[in-house]
Amino acid sequence: MLQKLSVRNFAVISRVEFTPRPGLNVFTGETGAGKSVAISALGFALGARGSVSLIKDGADKLEVRAEFDTAGLSEELKQKYLLQKNSVVLSRSLDRNGKGKSFINARPVSVAELAELGKCLVDFHGQHEHQSLLRGEVQQNLLDTYAGLLPLRQKTHDAYRQWRDLLAQWEAAQLSEQEKQRQLDLCAFQLQEIEAAAPKEGEDAELEQKLPQLKHAGRLLELCAEAYQALYEAEDSASAQLGRAAKQVREMAQLDEHVQAAAEALAQAETFLSDACDQLSTYQGSLDADPNTLDEMLSRHEKLKRLKLKYGPELRDVFQTARHLKAQMDRLQNAQLVEEELQKQAQKARQELDALCEQLHQKRLAAAARLSRCLEKEIRPLGFDGLQFEIAVEMDSENPGPHGADRVEFLFSPNPGQVPRPLRAVASGGELSRVMLGLKTVLAGEVPVMVFDEVDSGVGGRTAALVGQKLHAVAQGRQVLCVTHLASVAACADAHFHIEKTTDGKTTEVRLQRLSAQETEKEIARMLGALSDQDQTALLHARQMLSAAHPAD
Numbered sequence: 016m017l018q019k020l021s022v023r024n025f026a027v028i029s030r031v032e033f034t035p036r037p038g039l040n041v042f043t044g045e046t047g048a049g050k051s052v053a054i055s056a057l058g059f060a061l062g063a064r065g066s067v068s069l070i071k072d073g074a075d076k077l078e079v080r081a082e083f084d085t086a087g088l089s090e091e092l093k094q095k096y097l098l099q100k101n102s103v104v105l106s107r108s109l110d111r112n113g114k115g116k117s118f119i120n121a122r123p124v125s126v127a128e129l130a131e132l133g134k135c136l137v138d139f140h141g142q143h144e145h146q147s148l149l150r151g152e153v154q155q156n157l158l159d160t161y162a163g164l165l166p167l168r169q170k171t172h173d174a175y176r177q178w179r180d181l182l183a184q185w186e187a188a189q190l191s192e193q194e195k196q197r198q199l200d201l202c203a204f205q206l207q208e209i210e211a212a213a214p215k216e217g218e219d220a221e222l223e224q225k226l227p228q229l230k231h232a233g234r235l236l237e238l239c240a241e242a243y244q245a246l247y248e249a250e251d252s253a254s255a256q257l258g259r260a261a262k263q264v265r266e267m268a269q270l271d272e273h274v275q276a277a278a279e280a281l282a283q284a285e286t287f288l289s290d291a292c293d294q295l296s297t298y299q300g301s302l303d304a305d306p307n308t309l310d311e312m313l314s315r316h317e318k319l320k321r322l323k324l325k326y327g328p329e330l331r332d333v334f335q336t337a338r339h340l341k342a343q344m345d346r347l348q349n350a351q352l353v354e355e356e357l358q359k360q361a362q363k364a365r366q367e368l369d370a371l372c373e374q375l376h377q378k379r380l381a382a383a384a385r386l387s388r389c390l391e392k393e394i395r396p397l398g399f400d401g402l403q404f405e406i407a408v409e410m411d412s413e414n415p416g417p418h419g420a421d422r423v424e425f426l427f428s429p430n431p432g433q434v435p436r437p438l439r440a441v442a443s444g445g446e447l448s449r450v451m452l453g454l455k456t457v458l459a460g461e462v463p464v465m466v467f468d469e470v471d472s473g474v475g476g477r478t479a480a481l482v483g484q485k486l487h488a489v490a491q492g493r494q495v496l497c498v499t500h501l502a503s504v505a506a507c508a509d510a511h512f513h514i515e516k517t518t519d520g521k522t523t524e525v526r527l528q529r530l531s532a533q534e535t536e537k538e539i540a541r542m543l544g545a546l547s548d549q550d551q552t553a554l555l556h557a558r559q560m561l562s563a564a565h566p567a568d
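Per the numbering used here, the sequence shown runs over residues 16 to 568.
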């Protein structure tokens with residue numbers, strides 16, 4: 016059960032905290048007051064998609080925190096998410112830079128983990144979601160979810176992909192002799208070009224390191240000789256002058272110990288200068304100013320550059336291309352054997368796929384009969400006395416797909432004597448809303464919290480009262496949050512929350528308040544069209560509706 020929801024800087028909400036009650040909690044307010052925003056905030060906390068556009072104007076970040084008790088969760092889930100207490104807190108934030116943080120209790124998690132746990136805690140039905148019920152793939156997903164067929168469907172999906180991959184390989188292997196020879200010639204030419212160049216691992220990097228030195232070898236030799244002359248070989252070289260100065264300072268240090276530090280520094284300078292001279296001498300000997308060597312290296316570098324341009328971009332990619340060309344030539348030279356083997360593998364994969372499709376079909380047929388009966392039972396009290404509901408499962412074994420070979424169609428007849436027809440062809444908006452309510456009731460399973468955002472869309476009158484009663488019945492043993500614009504539904508609530516939007520012309524704020532019994536009467540009267548808080552006719556009607564909805568109170 017949701018124990019508390021705290022929302023900060025979400026859309027038009029600056030700060031809202033509310034504690035829903037067990038049973039049916041309804042949210043009402045004027046159109047545009049932000050009733051659905053609070054539900055959206057809960058969805059965000061449970062891993063729904065978010066964006067910086069949701070952050071309230073003037074705020075740096077949004078934060079949502081949802082606290083649930085864990086009584087309805089299995090021990091397996093508690094162990095998986097390290098839930099050791101009687102409650103769990105799911106929290107999520109998002110700043111203006113698009114950086115988000117998600118937590119389960121105090122443990123950082125990914126949004127995917129948040130969403131995975133969220134699905135076990137809350138089942139959402141958003142605005143206009145019932146329209147998706149008209150799509151065949153949605154109907155198939157609902158049937159498969161009800162029947163627990165998602166693992167088998169994933170297995171079928173994998174088998175379908177394997178069959179399609181093998182089929183594509185087999186079709187690609189079926190080349191004419193002329194095409195095989197053309198591809199062989201092309202592979203042989205490209206391989207010969209790489210092998211003739213005979214590149215070596217890391218050769219291009221080594222050349223790029225040496226070439227600058229070779230290009231400037233003459234000038235480097237000249238500069239090196241001049242430097243060596245000045246430092247060591249000249250009569251008044253730096254080495255000779257430093258030696259004389261060091262000797263004089265050493266004599267001074269013998270006479271005055273205050274000069275000892277200078278003597279030691281000069282001795283160190285002599286060592287450094289000697290090392291520099293040795294390095295210059297070695298470097299001078301390593302320089303190669305031969306123009307032929309430079310031409311050879313430039314030519315080699317250009318050849319490797321062209322090779323990388325055609326088969327790269329890096330030298331390691333050239334080696335990979337060579338290996339690929341050899342393998343391709345081997346496949347082409349043995350094409351007949353490869354083609355026959357691929358054909359056998361594709362046929363075997365198709366047989367395995369067909370077996371899985373048949374298995375799915377039989378399980379769907381059995382589940383369709385059960386789900387049809389359950390839906391009739393759930394939906395009939397919602398104003399469908401003569402309801403007929405069927406789920407057709409037709410198999411096209413010649414054209415399997417990633418989810419099997421079935422086409423699933425929900426068939427519906429709201430009136431006696433009418434043959435059930437596809438739901439998309441006969442159901443009105445109000446009828447779709449009630450069918451979806453029945454589906455959600457059947458499919459929610461053990462999920463402890465259900466959220467309905469205007470599930471009563473398109474209904475009114477006596478049907479609205481029946482929907483309210485159904486929602487109240489669904490809320491027995493679980494918690495239901497429902498955004499509604501119908502007084503008949505609101506009257507069935509165990510807890511009534513009012514959402515109000517206020518503005519001073521510069522900023523907009525949303526306030527959420529749990530209503531007392533007297534305030535609930537006034538709000539339902541408003542929903543019935545009361546002209547003021549003192550409209551006695553509307554208040555009496557509201558009181559009668561509440562009394563009828565809660566006869567035991």
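In this text, a Cβ means the ideal position worked out from N, Cα and C, and glycines have one as well.
>> My assumption, with CB atoms under 8 Å, is that G483 sits in contact with V504. Please give the rounded CB distance.
In response: The pair is a contact, with the Cβ atoms about 4 Å apart (cut-off 8 Å).
> Where does T518 sit, in a helix, a strand or coil, going by DSSP?
Replying inline: Three-state DSSP puts T518 in a strand.
>> What ranges does the beta strand (DSSP E) occupy inside the segment 50–102, keeping only unbroken runs of at least 3 residues that lie completely in it?
In response: Counting only runs of 3 or more, we get 76–84.
> Which ranges does the alpha helix (DSSP H) cover as unbroken runs of at least 4 residues, wholly within the segment 197–252, from first to last along the chain?
Replying inline: The qualifying runs are 218–230, 232–243.
>> Output needed for A284: all residues of its chain with C-beta closer than 7 Å, excluding positions within five of it in sequence on either side, in chain order.
In response: Exclusion of the five residues before and after A284 leaves L257 as the residues of its chain whose Cβ lies within less than 7 Å of its Cβ.
> Buried or exposed: T531, going by 16 or more other Cβ atoms within 10 Å of its Cβ?
Replying inline: A small fix is needed here, since residue 531 is Ser in this sequence, not Thr. Classification of S531: exposed, given that the 10 Å Cβ count is below 16.
> Which word fits N112, buried or exposed, when buried means at least 16 other C-beta atoms lie within 10 angstroms of its C-beta?
Replying inline: By the neighbour-count rule (16 or more Cβ atoms within 10 Å), N112 is not buried but exposed.
> Hey, E534 and A557: beta-carbon distance below 8 Å or not?
Replying inline: Annotated as distal: E534 and A557, with beta-carbon spacing of 8 Å or more.
> Within this structure, are the beta carbons of L9 and K323 separated by less than 8 Å?
Replying inline: Outside the displayed span of the chain (16 to 568) sits residue 9, for which this structure offers no information.
> Around the Cβ of K262, are there at least 16 other Cβ atoms within 10 angstroms (buried) or fewer (exposed)?
Replying inline: Counting Cβ neighbours within 10 Å, K262 comes out exposed, since fewer than 16 surround it.
>> Please report the distance separating the alpha-carbon of R36 from that of D509.
In response: Approximately 7 Å, taken between the alpha carbons.
> Grouping DSSP H, G and I as helix and E and B as strand, with all else coil, what is K116?
Replying inline: Annotated three-state conformation of K116 is strand, per DSSP.
> Is P429 buried or exposed, if buried means 16 or more other CB atoms sit within 10 Å of its CB?
Replying inline: Answer is buried; the Cβ neighbour count reaches 16.
> When the Cα of V79 is compared with those of L88, A86, S55, which residue comes out closest?
Replying inline: Checked all of L88, A86, S55; the closest Cα to V79 is S55.
> Does DSSP put S503 in a helix, a strand or coil?
Replying inline: In the three-state reduction of the DSSP assignment, S503 falls in the helix class, which pools H, G and I.
> If you count every other CB in all the chains shown that lies within 10 Å of the CB of A174, and 16 or more means buried, which is it?
Replying inline: By the neighbour-count rule (16 or more Cβ atoms within 10 Å), A174 is buried.
> Residues bridged to M5 by DSSP?
Replying inline: No answer is possible for residue 5: the residues shown for the chain start at 16 and end at 568.
>> For a minimum of 4 consecutive residues, which ranges assigned as the alpha helix (DSSP H) are wholly contained in the segment 340–393?
In response: Fully enclosed alpha helix (DSSP H) runs of 4 or longer: not present.
> Looking at the structure shown, is G475 part of a helix, part of a strand, or coil, going by DSSP?
Replying inline: In the structure shown, G475 adopts coil according to DSSP, grouped into three states.
> According to the Cβ coordinates, are K71 and S108 closer than 8 Å?
Replying inline: Cβ atoms of K71 and S108: not closer than 8 Å.
>> So for N307, helix, strand or coil by DSSP?
In response: In the structure shown, N307 falls within a helical segment according to DSSP collapsed to helix, strand and coil.
> Relative to the alpha-carbon of A407, which residue among G58, G151, V67, F59 has its alpha-carbon at the smallest distance?
Replying inline: Closest option to A407, Cα to Cα, is G151.
>> With a threshold of 8 Å, are at least 3 pairs of Cβ atoms found where one atom belongs to the segment 334–349 and the other to the segment 161–181?
In response: With a cut-off of 8 Å on Cβ pairs, the segment 334–349 is not in contact with the segment 161–181, counting fewer than three such pairs.
>> Quick check: C202 and Y298, are their CB atoms within less than 8 Å of each other?
In response: Not closer than 8 Å, so no.
> Are the CB atoms of A506 and L561 nearer to each other than 8 Å?
Replying inline: A506 is a Cβ neighbour of L561, given a cutoff of 8 Å.
> Could you give the distance in angstroms between the alpha-carbon of N120 and the alpha-carbon of E128?
Replying inline: Near 12 Å, if we compare the C-alpha coordinates of E128 and N120.
>> I'd like to confirm the pairing. Which residues does DSSP put opposite Q528 in its beta bridges?
In response: Partner(s): H513.
> Going by other Cβ atoms of all chains shown within 10 Å of its Cβ, with 16 needed for buried, is F287 buried or exposed?
Replying inline: Answer is exposed; the Cβ neighbour count stays below 16.
> Start and end of the alpha helix (DSSP H) containing L165?
Replying inline: From DSSP, the alpha helix (DSSP H) with L165 extends over 165–188.
> Touching or not, the segment 179–186 and the segment 331–340, by the rule of three or more beta carbon pairs under 8 Å?
Replying inline: Contact fails between the segment 179–186 and the segment 331–340, because fewer than three Cβ pairs, one in each stretch, are under 8 Å apart.
>> When you compare the CB positions of E469 and V450, do they come within less than 8 Å of one another, or not?
In response: A distance of 8 Å or more separates the beta carbons of E469 and V450.
>> Quick check: I539 and G49, are their CB atoms within less than 8 Å of each other?
In response: No.
> If we call anything under 8 Å between Cβ atoms a contact, is V67 one with V27?
Replying inline: Not a contact, by the Cβ cut-off of 8 Å.
> Expressed to the nearest angstrom, what Euclidean distance is found between the alpha-carbon atoms of A440 and L92?
Replying inline: When rounded, the distance between both Cα atoms is 42 Å.
> With 16 other CB atoms within 10 Å as the buried threshold, where does H418 fall?
Replying inline: Counting the other Cβ atoms within 10 Å of the Cβ of H418 gives 16 or more, which makes it buried.
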